[in-house]
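In the UniProt record's numbering, the protein residues as written are 1 to 169.
All C-beta atoms in this analysis are idealised placements derived from N, C-alpha and C, irrespective of residue type, glycine included.
Scroll down for the structure; my scribbles are underneath it.
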Amino acid sequence: MQDLGIAFQTASGDSGGNLDGPPPAPHDWLMKRNCSLSPRQVGWFYLSIFTVSLAIALFFAVQGSWLVLPFAGLDLLGLGIALLVYARHATDYERVSINDGVLVVETASAQRLTRHEFNPQWVRVELGESFRALVTLRSGKRVVQVGCYLDPHKRRKFAQELAAALRRL
């Protein structure tokens with residue numbers, strides 16, 4: 001497994017103890033967001049902020065400054081919406097794998113999973129000249145773009161590795 005921002009897994013089952021030859025070629029690429037907090041951690045964070053903020057607002061409301069309460073509510077509502085959007089996309093990923101003669105592209109975004117299957121011998125791997133161009137997989141009229149979670153250097157490396165793996169088939 002290489003740590004290049006892309007998680008590589010091999011389909012050959014080699015445990016890595018084979019020192020005689022080159023390591024097996026990766027056939028499974030997992031690209032995902034770099035998120036500091038999991039959705040569960042976001043929930044606990046929001047609960048702690050909510051509790052402290054509400055306690056402070058209630059203290060001032062009891063002291064006679066009742067206008068603090070609605071503003072604290074608006075503040076918590078805005079923070080809650082922002083954290084909800086973050087948590088929904090924290091587990092987004094793209095997976096490209098070659099198994100049993102099939103190229104599979106899975107994309108998960110906000111808990112919606114999209115799966116595309118291609119014949120790997122008919123797939124063209126393209127990377128545009130633009131700095132922000134995504135890796136494009138073409139097979140006939142079907143087009144899928146991947147690599148949105150990678151920086152441009154890693155995207156180019158991924159495109160080269162995928163094209164090389166497809167040529168070896």
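Taking only the alpha-carbon atoms, compute the straight-line gap between residue i and residue j and give it to the nearest angstrom.
i    : j    : result
L103 : K157 : 18 Å
P152 : L137 : 17 Å
Y149 : L67  : 43 Å
L77  : F71  : 10 Å
A163 : N119 : 14 Å
D100 : R132 : 32 Å
S130 : L54  : 49 Å
I98  : W44  : 38 Å
G128 : L58  : 56 Å
Quick check on this structure: which residue in the options has the alpha carbon closest to the alpha carbon of residue i?
i           : options                   : result
V85         : Y46, Q145 and G128        : Y46
V143        : R167, E117, E161 and R132 : E117
S139        : K154, R95 and L166        : L166
A87         : V42, V52 and R115         : V42
residue 189 : I56, S48 and L79          : Because residue 189 is not part of the residues shown, which for the chain are 1 to 169, the question remains open.
Pull up the CB-CB distance for residue i and residue j, whole angstroms please, since I reckon it's below 8 Å.
i    : j    : result
C35  : A82  : Going by Cβ atoms, the distance from C35 to A82 rounds to 14 Å, so no, they are not a contact pair.
R112 : W29  : Not a contact, Cβ separation roughly 20 Å.
Q134 : Q121 : Strictly speaking, residue 134 in this sequence is Leu, with Gln absent from that position. Not really, about 22 Å apart at Cβ, beyond 8 Å.
V123 : A159 : The Cβ separation is near 12 Å, so there is no contact.
K32  : D92  : 7 Å
L74  : I49  : Not a contact, Cβ separation roughly 14 Å.
Going by DSSP, which residues form a beta bridge with residue i?
i    : result
S38  : Answer by DSSP bridge pairing: none, since S38 is not bridged.
L113 : A108
N99  : V102
F118 : L103
Indicate whether the contact test is met: 3 or more Cβ pairs, each with one atom in the segment 61-81 and one in the segment 97-117, closer than 8 Å. By the C-beta criterion, the segment 61-81 is judged not to be in contact with the segment 97-117, since fewer than 3 inter-stretch pairs fall below 8 Å.
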